[in-house]
Structures are given as structure tokens and as C-alpha cells.
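Trainee: One structure, as C-alpha cells, below. Some questions next.
Number of protein chains: 2
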Amino acid sequence: MSIRPTSRDVAQAAGVSQSTVSLVLAGKWTGRVSPATAEAVRAAAEQLGYRPNLAARNLRLGSTRTVLLVVPTLSSPFFGAVYTGAARVAAAHGFGIVVYPWPDGVGPADSPFAAPHDAIDGVLASSMAVESLGEFAGTPAVMLDSDPAGGAPTVNFDVAGGMRALVGHLAGLGHRRFGHLAAAVDEWTFRDRGAALAEAVAALPDGRLVRAETAIDVPAARVAARDLLAGARPTALLCDDDQIAAGAYKAARGLGLEVPGDLSVTGFDDVLLAEALEPELTTVRLPAEALGAHGMTALLDLLGGGRPRSRSLAGELMARGSTAPPAGAAP
Amino acid sequence: MSIRPTSRDVAQAAGVSQSTVSLVLAGKWTGRVSPATAEAVRAAAEQLGYRPNLAARNLRLGSTRTVLLVVPTLSSPFFGAVYTGAARVAAAHGFGIVVYPWPDGVGPADSPFAAPHDAIDGVLASSMAVESLGEFAGTPAVMLDSDPAGGAPTVNFDVAGGMRALVGHLAGLGHRRFGHLAAAVDEWTFRDRGAALAEAVAALPDGRLVRAETAIDVPAARVAARDLLAGARPTALLCDDDQIAAGAYKAARGLGLEVPGDLSVTGFDDVLLAEALEPELTTVRLPAEALGAHGMTALLDLLGGGRPRSRSLAGELMARGSTAPPAGAAP
DNA sequence: CTGGTCCCGTCATACGTATCACTTCGGACG
DNA sequence: CGTCCGAAGTGATACGTATGACGGGACCAG
Chain F
5 MSIRPTSRDV AQAAGVSQST VSLVLAGKWT GRVSPATAEA VRAAAEQLGY RPNLAARNLR
65 LGSTRTVLLV VPTLSSPFFG AVYTGAARVA AAHGFGIVVY PWPDGVGPAD SPFAAPHDAI
125 DGVLASSMAV ESLGEFAGTP AVMLDSDPAG GAPTVNFDVA GGMRALVGHL AGLGHRRFGH
185 LAAAVDEWTF RDRGAALAEA VAALPDGRLV RAETAIDVPA ARVAARDLLA GARPTALLCD
245 DDQIAAGAYK AARGLGLEVP GDLSVTGFDD VLLAEALEPE LTTVRLPAEA LGAHGMTALL
305 DLLGGGRPRS RSLAGELMAR GSTAPPAGAA P
Chain X
5 MSIRPTSRDV AQAAGVSQST VSLVLAGKWT GRVSPATAEA VRAAAEQLGY RPNLAARNLR
65 LGSTRTVLLV VPTLSSPFFG AVYTGAARVA AAHGFGIVVY PWPDGVGPAD SPFAAPHDAI
125 DGVLASSMAV ESLGEFAGTP AVMLDSDPAG GAPTVNFDVA GGMRALVGHL AGLGHRRFGH
185 LAAAVDEWTF RDRGAALAEA VAALPDGRLV RAETAIDVPA ARVAARDLLA GARPTALLCD
245 DDQIAAGAYK AARGLGLEVP GDLSVTGFDD VLLAEALEPE LTTVRLPAEA LGAHGMTALL
305 DLLGGGRPRS RSLAGELMAR GSTAPPAGAA P
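Chains as they are written, first to last, in our numbering: chain F, 5 to 335; chain X, 5 to 335.
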């Protein structure tokens, strides 16, 4: 038979009523159905290849056991990892995930993607302001990598700690004059990175810091880095992103500066780029999969009526070949 | 009122029956409902913020207007682009997309992800063998970037043409001794690349080709490239992937070879890596978004009862700084 | 005045599931 | 012996939508 079997077909095959099938398959039969009957039902279901119709179940239950993951883009491995972590936890709880790539600043009406507004129980949104979620107001939401002051429960990276680790690493090598190639993106994570960096440098005796902004792509970063290096002469350049660091490499080489001999460079994020560059990039690895996993855990808690606490995940300093003592330092 | 309005609420507000609301909102009212009434219904729906319940609609229609996109991983920008292209076309036709990351070789039971087997109308699968879809047998499917001999309609890249373009470019520069760093992955696209490369080199007078395999990651490619370069001495090294090319860069530098002075290197795919490397990588850009878009178009055609033709999308040669005439060639 | 045709809508129903209220039946208990 | 109770299961219903089968005027022709 080519048509899909329903619970009624299973009932008929097992010689019981449809309600019994439903009870058994939902696992709520203890004390209501005899073990023998339950087994018979399961056998019939198995034999017919029965799979419950999700649409009917959702209609009946008023819940879809599906969560929407809102990300700015899927063209970055980072969000792929977030998805993976979230989906793993979701699947373990019988939830599905639908991805909704929502470029920041794009109105929902302009979006080329179909948002299944109602077919979801909750929202997991990464790297955006909670106000952007206006469209989903009222839906239980957990924010990832976003401003914790937004009101919603948040799971974040400790980017401030990451920045402090980088500055500590560089200061330990003898650096005092720092440059910051900041991402020209108004997101919490970058604001936090900038503030932490400024603070950490200010805490150093003789610490100095110059700052420039750039878009997150290689050519733009190259130009910004060249301009910055042409003015002040930092011995270490901290970049908000690995792609920016790639641009900095090019600018340095263009100016005849050796990395790390004449200029130390650091990135942030440790995407696949960090190991491909030469020299390999010192950066901070952010546990993106864990971010997704913890976020989904918090969301499930929220859906279950809990009040999940916001939390912060530490990054890991990956010290590699792009950092060294500044030229002229004692060995 | 906080509860979601149903079509019945709209009917009451507009002073008509529920069926009328359904007819109007489905756009099937011509000749059945007067323009004035239709307008009133639309106004009431708008005013109440009515959105049809998808679960109910799906239950009634027996179709979900949702398609499953099966990809090996989301940790690559490539599949993000495929998704984007597919989702754009889908949304324009009122379809949604659910992503199912299915690492090749992993059985469905082992998969950490929840496959919504029945909640879908069709499958779009990228970069895998059609046999892998066993789980979804019987569902209308279109394969992307996969073996066209599989039986299902296919949308592919003309990787053979891309390889020929690379060889032509290098031959034009004067190269005759080629190396191929092949991806050790048993997928159609890599088999096809290898075959096309061998053929193109064989067609050259004096053309010679050595070949080695490697996993698609930077450290592995570095080792493989070093071993290959230590034996034969090709003047041009064609890599199956940009990440492999990054490893080749490192190996070359480790052996004291300058790129492109002593060794020309090419990649494949033009992910964000190509522009970040130094020198920038000559590679073939594959239109991943177009792949997704054409695939979805074919799938919609298939779902509509059509018989979509398989087709092939040309890549674009991106000649950049990693290729030059071989050492000792006439200028 | 009757019968036929449109036009504009409404009624009723089915999709497949989960669950509440109810029945049946054998035994335990007073 | 009558009553109550738990075990084991069934019947009926509702979720919200889409749609085929009807209905009731209005208008026109005969």
C-alpha cells in the first residue's frame, strides 16, 4: 500500500481502537493498557511503518515542537556551528529547528525568506539586537551573542575575557603600543570587545592604543590597516575578526613590515582562516557549537516554564605564529 | 486579546461565514464572492492580524509546502549559499525550507538531527550519492552537485569545464608539468574533476601529470603537498579545493619555493579563503547560490508534475596572483 | 405567474491526532 | 449478596482549515 498508514490503520491491525494506539505510542499507557496490548500495538505500528502525521499532531496539541533559529547569514561557518550545536540538543528533546537567515536591518517584508511565524514554539536568535525580533514579539526567545541588557535570556561569549587574554599575551611579550582594527558593525560583541581592549590597555603602564574601523572583509581591512599603520606605529595590531587580520597581513607586507617580526597581529573567532594564513594567526577560539547547545537548552527550559539564567562562555586563546616580541625588545 | 485569531474570528468580525473567509484568503473567490465582501474580509483579517494556522492547513491539504534541504554540513559557506539561493526561490512560491545536515556515511539512526520525514513535500540534496537518500525514498527529489547517473534530476556545476579552463590558463602561461592535489573524498564532483584534468593534460603535447590525494583540511594538504613536491617537480599544482591550496602554499614555502615564481598554484570553489591568501589564489568560482536556486526551481517543477531536465552550471575562472609563467620560461 | 439561471454565499464535512469522560468486567470487601 | 473499585479499553470530540454540495434571492424569458 502506497498511502501512508494512519493511527486508525494501526488500530485495526492490532485489533484495538484508535485511542489506544495513541495512548500507547505516546507512552502514556501505564495503568491504562495492558502490557500485552501495548506490545501488540507497537508491533502493528512497526510492521505497517506507521509514522504519526505531524500536521495533525501539531493541530491537536497547538505546539509544533519546532524552534526558529534566526541568524544574520549562513555564509559563515560560525553560524553553521551554532546551528549544529542547537540542533543536537533540540533533537535529543524531540524538537526540530528551522533556520531563518535574517540580515540585520532588512525588514521582514523585504526578506526573501519565508518566516514561519506561527509554526514555531520559540526563537533562538544569534548576533542581533533583541529589538530586531519585533516580528516575533510574544514568542519565547533566547538571544545568543547579543546584548545581555536586552531583557531576554542570553548566552554569550566572554569576549571581554578573550580580549584581556590577547592583551595579556601581547603585554607579556613586551608590547605597549597597540592598534585596534575594529569591525564597523554596531553589535554588542564588537562594542564589548572595544571596551575591554581599551580598558586592558589603559591598565598597562605606558599602554597606548590607536583605533580604526573597517568592514569585515579582506580588501576593506587592508585599506584600513594601511591607513592606521601609516599614522601611528603600533607594535601589535588586534583585529576584531580573522578576516580583518587577513587584510592586516596584506597591508603590513605592502609596507614592508614582517609579521610577526615587525608587527604582531591577532584575530578573533578562529574560523578556518586562522590556520590557513601565514604565519598562522594568534586568535581567540569561540565555542560556537557550545553556544548553540547552551542556547537551545535555555530555550527548552524557557518553554518548559523555567526562568533560565543568562550565561557567558569563555573563549580560548590560540597562541600561534603571528605574535612575537616587538622589534628591539630584550630576548 | 492574546490568543491567535482564527478564520472564524475573522468571519465574525466581517459578518460572513468561515468558508467565505477561507475562499477569499485563498484567492479563489472570483465568481463566488462579491468584491465588496472580499474587501471586508481582507480588512477584518488585516485588522485582527490574522495568520492562517499552518498545521491545520497542512492537515487539510495533505501537503506542507515545505522542502527538505539535505547537505553534508553547514560548517562551510558553500552550503550556506546553496541554502540562500534555494530559499529565495522557495519563498517566492510560498514554500519553506528545512535544513537537514546529514554527514555522508552517517546512518539516519546515528544522526543527531531530527529528520522531519513526513512533514515535507520534497527533497533537495546536495553533494551526495542518491543512494544515501534511502530514508527518503519515494519523496520527489532533486540532486545538486551529484552524480547525474543517479537517476534523479540533477543540477550540477560544470567542474570539468572549470578544470579545462584552469589547465588552459596554465598551459597558456607555458606550463607542461602538472600536479594534482586531489580531495580524498568519493564524490562525483571530485571524480569528475580528476578525470577532466587528466584528459586535458593528456591532450597537451608534452603534458605530464602527477597526482596525490589528501583530506580537505590545511594541515593534511600541507603534508600531502610536501610529499608530492619532494618527488616529482611540477611547475603548476592544481588543488581540488581552496583549503588544499592553502596547505600547498605552506608546503611550497617550507621547501623554499616561491608562489607563483617557482610554483603556480590553483584552487577550486572560491570561498572566502581565496582572497585572504597571499598571493591571492587563482581559482574557479562556483555559483553556489545559483545552484540552490536552479535546484529549487527544478524541484518545484517536479512537484507540479513536470519532468525537469538535468542541467549544468558553468564556473568562472578567477585568474589572480598565484599563477605565473614557469621559472625559466621566455617572458 | 412559473421556471430557469446567475450570483453570492453558507453548511457540513474531513483531514489525523490526543485526551476527557465513560463503559464494561472481574474481583474484593463489608 | 450488594456495592464499590481498579484495570483495561472505547467513544466522542475538538483543534482550524479548505472545499464540494447545497440554498435563497433577483432577474429575465416565456
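The beta-carbon is built from N, C-alpha and C at its ideal position, and this holds for glycine as well.
1. With a threshold of 7 Å on Cβ separation, who are the neighbours of R12 (chain F) within its own chain once the five nearest residues in sequence on each side are excluded?
2. Could you say if the segment 53 to 61 of chain X and the segment 83 to 96 of chain X meet the contact criterion of at least three C-beta pairs nearer than 8 Å?
3. Starting from G84 (chain F), find everything on chain X with Cβ-Cβ shorter than 9 Å and list it in chain order.
4. Checking contacts by CB at 8 Å: is M5 (chain F) closer than that to chain X?
5. Residues of the segment 14 to 28 of chain X with a CB closer than 8 Å to any CB of chain F: list them in chain order, please.
6. Taking only runs of the beta strand (DSSP E) that begin and end inside the segment 188 to 252 of chain F, which ones reach a length of at least 3 residues, in chain order?
7. Excluding five sequence neighbours on each side, which residues of the same chain lie with their C-beta closer than 6 Å to the C-beta of F161 (chain F)?
8. Any Cβ of chain X within less than 8 Å of the Cβ of F117 (chain F)?
9. As a quick exercise: from F:R215, F:D245, F:P223 and F:L72, pick the residue whose alpha carbon is nearest that of L232 (chain F).
10. Cβ closer than 9 Å: which chain F residues qualify as neighbours of Y2 (chain X)?
11. Quick one: does E320 (chain X) have its CB under 8 Å from some CB of chain F?
12. As a quick exercise: from F:A164, F:S131 and F:A207, pick the residue whose alpha carbon is nearest that of G198 (chain F).
13. Classify R55 (chain X) as helix, strand or coil using the three-state DSSP reduction.
14. Just grab the DSSP bridge partners of M300 (chain X) for me.
15. Taking buried to mean at least 16 other C-beta atoms within 10 Å of its own C-beta, is A30 (chain X) buried or exposed?
16. Going along chain F, which residues have a C-beta under 7 Å from A250 (chain X)?
17. Pick helix, strand or coil for F272 (chain F), following the three-state DSSP scheme.
18. State yes or no: is the beta carbon of Y54 (chain X) nearer than 8 Å to at least one beta carbon in chain F?
19. With a threshold of 8 Å between beta carbons, is Q51 (chain X) in contact with chain F?
20. Residues in its own chain within less than 6 Å of A297 (chain X) by CB, not counting five upstream and five downstream?
21. If you drop the 5 nearest sequence neighbours on each side, which residues of the same chain put their C-beta closer than 6 Å to that of T327 (chain F)?
22. Can you check whether the C-beta of T301 (chain F) is within less than 8 Å of a C-beta belonging to chain X?
23. Please tell me whether L78 (chain F) and A280 (chain X) are closer than 8 Å, where the distance is taken between their beta carbons.
24. Tell me which residues share the same chain as G325 (chain X) and place their Cβ nearer than 6 Å to its Cβ, disregarding the 5 neighbours each side in the sequence.
25. I need the straight-line Cα distance from E262 (chain F) to A256 (chain F), nearest angstrom please.
26. Taking only the alpha-carbon atoms, compute the straight-line gap between T34 (chain X) and L276 (chain F) and give it to the nearest angstrom.
27. Can you find at least 3 beta carbon pairs, one from the segment 211 to 225 of chain X and one from the segment 173 to 190 of chain X, that sit closer than 8 Å?
28. Identify which residue in F:A141, F:R69 and F:R315 has its Cα closest to the Cα of P157 (chain F).
29. Along the alpha helix (DSSP H) that carries R8 (chain F), what are the first and last residues, could you check?
30. So, do the segment 125 to 138 of chain F and the segment 58 to 70 of chain F have three or more beta carbon pairs nearer to each other than 8 Å?
31. Of all the options F:L259, F:V159, F:E203 and F:A145, which has the alpha carbon lying nearest to the alpha carbon of L170 (chain F)?
32. What's the gap between the Cα of A4 (chain F) and the Cα of S38 (chain F)?
33. Where does S21 (chain X) fall in DSSP's three states?
34. Which residue comes first and which comes last in the alpha helix (DSSP H) that contains P81 (chain F)?
35. Would you call R226 (chain X) buried or exposed, if buried means 16 or more other Cβ atoms sit within 10 Å of its Cβ?
36. For G100 (chain F), list the residues DSSP reports as bridge partners.
Mentor: Looking at the coordinates:
1. Q22
2. The segment 53 to 61 of chain X is not in contact with the segment 83 to 96 of chain X.
3. T77, L78, S79, S80, P81, F83, G84 and P105, listed in chain order.
4. In this predicted model, M5 (chain F) has a pLDDT of only 45, less than 50, meaning its place in the structure is not dependable enough to derive any value.
5. none
6. 212 to 218 and 240 to 243
7. The residues L290, L317 and G319, in chain order, have a CB closer than 6 Å to that of F161 (chain F) in the same chain once the five nearest residues on each side in sequence are set aside.
8. yes
9. Taking L232 (chain F) as reference, the option from F:R215, F:D245, F:P223 and F:L72 with the minimal CA-CA separation is F:R215.
10. A question about residue 2 (chain X) goes unanswered here, because the residues of chain X that appear run from 5 up to 335.
11. no
12. For the residues F:A164, F:S131 and F:A207, the minimum Cα distance to G198 (chain F) belongs to F:A164.
13. It is coil, neither helix nor strand.
14. Paired residues: none, contrary to the question.
15. exposed
16. A280
17. coil
18. Not one beta carbon of chain F lies nearer than 8 Å to the beta carbon of Y54 (chain X).
19. no
20. G89 and V93
21. P264, S268 and T286
22. no
23. no
24. Excluding sequence neighbours, G325 (chain X) sits near P283 and E284.
25. 7 Å
26. 56 Å
27. yes
28. F:R315
29. Neither: R8 (chain F) is in no alpha helix (DSSP H) and is coded neither H nor E.
30. yes
31. F:E203
32. Given that chain F is displayed from residue 5 to residue 335, the structure contains no residue 4 (chain F) and the question cannot be resolved.
33. coil
34. DSSP places P81 (chain F) inside the alpha helix (DSSP H), whose first and last residues are P81 to A96.
35. R226 (chain X) should be labelled buried.
36. F:T70
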